[in-house]
Structure formats: C-alpha cells, structure tokens
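Residue numbering for the sequence shown follows the numbering used here, starting at 7 and increasing by one per position.
Data first, discussion second: the structure below is written as structure tokens.
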Amino acid sequence: MLPDSELERLMQDMESDRVERKESVSDPGRIRQAICAFANDMPNHRKPGIVFVGVKDDGSDAGLDVTDSLLLQLADMRSDGNILPLPRLEVEKRTLCGFQVAVVLVHPSDAPPVRYNGRTWIRVGPRRATASLEEERQLNERRRSRDLPYDLRTMTVATLDDLDLDRFCREYVTSALAPDVLEANERTTIQQLTSLRFAGVEPPHSPTVTGVLIVGKTPADCIPGAYVQYLRIDGTALTDPIIDQKEIHGPLPDLLQRLDDVLKANIRITADITSATTEVRAADYPIVALQQIVRNAVMHRNYETTNAPVRVTWFSDRIEVQNPGGPFGQVTVENFGTPGITDYRNPTLAEALKTLGFVQRFGAGIPLARKALVGNGNPDIQFSVEANHVLATIGERR
Numbered sequence: 007m008l009p010d011s012e013l014e015r016l017m018q019d020m021e022s023d024r025v026e027r028k029e030s031v032s033d034p035g036r037i038r039q040a041i042c043a044f045a046n047d048m049p050n051h052r053k054p055g056i057v058f059v060g061v062k063d064d065g066s067d068a069g070l071d072v073t074d075s076l077l078l079q080l081a082d083m084r085s086d087g088n089i090l091p092l093p094r095l096e097v098e099k100r101t102l103c104g105f106q107v108a109v110v111l112v113h114p115s116d117a118p119p120v121r122y123n124g125r126t127w128i129r130v131g132p133r134r135a136t137a138s139l140e141e142e143r144q145l146n147e148r149r150r151s152r153d154l155p156y157d158l159r160t161m162t163v164a165t166l167d168d169l170d171l172d173r174f175c176r177e178y179v180t181s182a183l184a185p186d187v188l189e190a191n192e193r194t195t196i197q198q199l200t201s202l203r204f205a206g207v208e209p210p211h212s213p214t215v216t217g218v219l220i221v222g223k224t225p226a227d228c229i230p231g232a233y234v235q236y237l238r239i240d241g242t243a244l245t246d247p248i249i250d251q252k253e254i255h256g257p258l259p260d261l262l263q264r265l266d267d268v269l270k271a272n273i274r275i276t277a278d279i280t281s282a283t284t285e286v287r288a289a290d291y292p293i294v295a296l297q298q299i300v301r302n303a304v305m306h307r308n309y310e311t312t313n314a315p316v317r318v319t320w321f322s323d324r325i326e327v328q329n330p331g332g333p334f335g336q337v338t339v340e341n342f343g344t345p346g347i348t349d350y351r352n353p354t355l356a357e358a359l360k361t362l363g364f365v366q367r368f369g370a371g372i373p374l375a376r377k378a379l380v381g382n383g384n385p386d387i388q389f390s391v392e393a394n395h396v397l398a399t400i401g402e403r404r
C-alpha cells in the first residue's frame with residue numbers, strides 16, 4: 007500500500023485518472039466497474055489505481071463508518087467471480103486528511119482485457135467507459151511483453167485447427183460476454199479468441215494452454231497430463247482387486263461432466279427404516295463435496311512440469327484425490343486449506359471454469375466440500391500437502 011502522503015495527494019487531486027471517490031458502498035456495481043477499469047490501466051501508467059470509499063467528490067469526509075464488514079465486502083469483490091480475470095487488490099482502512107477512509111488499491115493486470123460481467127471497462131480521463139474494438143486490441147497487445155502464467159502461454163505444438171471453434175463461439179463466447187456486447191459485436195473469431203485469452207496476440211495466433219484445455223479437440227495430445235485417472239478398488243489398499251478403472255479425456259467441460267457421471271454412479275444410497283418413523287435415505291458420500299475437491303484438483307494442478315494426471319482412487323472406506331501440483335503463491339504447506347488464503351497457478355483456466363459454471367465462487371471449494379461432508383455425517387477432509395502434490399482423503403459416512 008502507498009504511504010499516507012501519496013494517498014492524500016491522490017485523494018485531493020480532482021484531475022487524476024487513477025482515482026475514484028465513493029461516499030459509500032450503496033452502489034457496488036460502480037465500484038466493480040472502477041476496479042475493472044483500473045485493472046485494465048488503459049492509459050498504461052503501470053501504477054495502481056485507487057478507489058477511495060468514504061470520500062465525497064470534492065475530496066472531503068463523507069462520514070462513513072469504515073467497519074471490518076465493509077472492508078470484507080470490498081475485498082470480496084476480487085473473488086466473487088464478477089470481475090475476470092481475478093484483479094489484484096489491496097484493501098485497507100486508513101486515516102487520511104483527518105478522517106477514516108477505505109482504500110482499495112488496484113494493480114494493473116498482466117493479462118488484460120479484464121471484464122466486469124462480460125464488459126471491458128476502461129478509464130478515459132476522469133470517467134469510465136466500455137472499450138472499443140481498437141482499445142481492446144491495445145489491451146491485448148500488452149500481453150506480449152509480460153511474464154505470463156503457464157496457462158496463458160501459447161502452445162507451439164498446437165494450431166487453431168486443434169480447437170473446436172464452433173464450440174468456442176456457441177458455448178464460451180455466449181457465456182463470457184454480456185448479451186448487449188454480443189449483439190453489437192464486430193469482432194472476428196480470431197479477435198474473440200485473442201480477447202478471451204484462448205489464442206496468442208501475434209500471428210499465427212497459436213492456442214493458449216487454456217484454449218486447448220477448454221475447447222481443444224483432444225487436449226491430451228498437446229498436454230499429456232490433461233486427463234483424469236479413475237480407479238475403483240475392492241478393499242483398502244492399492245494391491246487389492248480392481249473393480250473398475252477409467253481414463254477420462256476430453257476438453258475440461260466434457261471431462262468434468264463425465265467425471266460427475268462416474269462419481270454419481272458409484273455413490274451408494276442406504277435406507278434407514280429403524281431410527282425414525284419414516285424412511286431415511288443417506289449417501290455414503292455427498293456429490294457436492296466430491297465435485298468441489300475434484301474440480302479444485304483439475305483447476306489448480308501443475309500442467310507445465312509434469313505429465314501425471316489427476317488421480318481419483320475410490321477404496322471401500324475412503325476416496326483419495328491426488329493433484330499433481332503443490333501449493334502455489336501465498337498458499338503454503340503450512341496454511342493450505344485455511345479459509346481466506348487462496349492463490350491461482352492457472353488464473354485464466356480458473357476464469358474459464360467460472361465462466362462455464364463449474365466454479366461458483368473463487369476460494370469456496372474446500373469450505374463447500376467441508377460443509378457438505380459435515381451435513382452428510384462424513385469425517386473432515388484430510389490433506390497431505392507436499393511441495394509437488396496434494397492428496398485429499400475423504401472418509402466414508404460414519
């Protein structure tokens with residue numbers, strides 16, 4: 007966060023295109039628009055933009071009570087899935103010019119364009135606007151010189167022929183962009199692929215890793231570990247007899263749907279007619295918990311330096327989900343699974359899965375799984391976390 011002197015100067019500067027002032031959070035949509043615009047950094051300041059909450063347009067005190075709840079509401083705007091890709095924010099309570107202010111510091115994105123609810127917002131002087139085709143092209147161009155995460159890099163082994171472009175236009179574009187943006191869309195398929203980070207900026211516009219994973223015809227041909235290995239074992243050890251085994255391939259939307267079908271088919275429902283006046287039916291595992299843990303593994307795994315698949319091993323007393331990718335960023339071996347501590351090895355892939363509805367809210371996968379397990383009578387998830395892999399063990403209902 008910037009020092010008080012710099013923040014006070016920006017807060018009082020009526021001409022700055024790096025500043026937005028809000029008296030309250032009564033219109034959170036406008037604050038999200040400002041966050042989106044600052045993340046895009048259209049003027050290319052390469053400096054953070056700031057939203058001051060609790061400040062009038064003239065820079066004076068709006069009399070807002072800056073509570074922990076308000077700060078949490080602002081911080082949640084990063085991960086609620088409305089702004090994609092995830093913006094990088096810092097939120098603090100500060101005393102500036104003699105009064106309390108909530109300060110939201112928004113860092114420029116390394117992977118523009120950033121969208122809020124399917125629209126690319128930018129800053130034009132002191133006002134916000136949606137980006138034109140040319141402005142969006144300029145934002146795309148900025149990705150060339152950035153140190154991009156692996157899922158945003160282009161694949162020299164793949165061409166646009168390896169993508170299902172009909173599926174991209176029919177399913178992904180319609181989910182990623184707002185209806186009115188689509189209606190007025192003048193962009194070609196290549197421009198849409200580039201803008202949505204499914205293809206590179208420069209000709210021949212090679213597919214990105216995310217593009218191959220989401221709409222690739224056969225992703226594992228380009229990314230050898232991009233599949234899930236399923237094993238059902240009649241016993242409690244890997245050496246016990248195998249009941250069923252599958253390798254589940256395909257673009258991730260199909261892969262996850264097929265995996266859902268496999269998990270649902272193997273859940274056992276029991277009926278209790280002795281402990282209540284009516285029949286009580288219960289599953290040995292809640293499907294919500296299994297979905298969250300498996301989807302987390304697929305989303306957060308390391309696709310770059312290992313060819314190992316995600317492995318789901320279903321024993322007679324437990325299910326193990328092994329993710330070939332250890333903790334990343336601010337997530338460490340020590341704090342793994344701690345509520346509120348999240349990071350993204352594959353942020354563009356996470357955006358795509360959120361767009362398609364496989365992720366409801368960022369950072370909520372493990373808490374949702376734990377809640378479902380408690381409600382079903384299963385023990386808590388046990389995590390074995392190493393530098394290069396994470397093993398999640400889900401015990402059978404007691």
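In this text, a Cβ means the ideal position worked out from N, Cα and C, and glycines have one as well.
DSSP beta-bridge partners for residue i?
i: H113; result: R94
i: G222; result: L169
i: I239; result: I248
i: K99; result: A108
i: A43; result: Paired residue(s): none; A43 is not in a bridge.
At which residues does the alpha helix (DSSP H) containing residue i begin and terminate?
i: Q263; result: 258-272
i: Q251; result: Unbroken run through Q251 is the beta strand (DSSP E), 248-254; no alpha helix (DSSP H).
i: K360; result: 353-361
i: Q197; result: 195-201
i: L139; result: 139-147
i: T180; result: 179-182
i: V411; result: Shown here, the chain extends from 7 to 404; a query on residue 411 therefore has no answer.
i: V187; result: 185-189
Check whether the Cβ atoms of residue i and residue j lie closer than 8 Å to each other.
i: I37; j: M7; result: no
i: R193; j: L139; result: yes
i: V316; j: R324; result: no
i: L145; j: P54; result: no
i: A289; j: I273; result: yes
i: T1; j: S212; result: The structure shown does not extend to residue 1, since the chain is modelled only from 7 to 404, so the question has no answer here.
i: D471; j: V221; result: Because the chain is modelled from 7 through 404, residue 471 falls outside the range shown and cannot be assessed.
i: A378; j: P292; result: yes
i: L405; j: V97; result: Since the first and last residues shown for the chain are 7 and 404, residue 405 lies out of range.
i: G369; j: T348; result: yes
i: P353; j: L92; result: yes
i: L199; j: G217; result: yes
i: R149; j: P185; result: no
i: R403; j: G383; result: yes
i: C42; j: R121; result: yes
i: N313; j: P225; result: no
i: A108; j: L76; result: yes
Which residues bound the beta strand (DSSP E) around residue i?
i: V59; result: 55-59
i: E26; result: 25-28
i: A135; result: 133-136
i: Q18; result: That residue, Q18, is in no beta strand (DSSP E); its alpha helix (DSSP H) goes 10-18.
So residue i and residue j are in contact, right, with Cβ under 8 Å, and what is the actual spacing, rounded?
i: F364; j: R301; result: 6 Å
i: G87; j: V72; result: About 25 Å; that fails the 8 Å criterion.
i: N428; j: V396; result: With the chain covering 7 to 404 only, the question about residue 428 has no answer from this structure.
i: A295; j: V327; result: Incorrect: roughly 10 Å between the Cβ atoms, too far for contact.
i: D250; j: Q297; result: With a Cβ gap of about 19 Å, D250 and Q297 do not count as contacting.
i: D168; j: K223; result: 6 Å
Taking DSSP as the reference, what is the three-state secondary structure of residue i?
i: F389; result: strand
i: Q328; result: strand
i: G401; result: strand
i: I229; result: coil
i: P345; result: coil
i: A375; result: helix
i: Y350; result: coil
i: T214; result: strand
Taking 7 Å as the cut-off, is the beta-carbon of residue i closer than that to any non-hydrogen atom of the ligand ATP?
i: V268; result: For the structure depicted, the ligand ATP is absent and the ligand set is empty, with no information on it obtainable.
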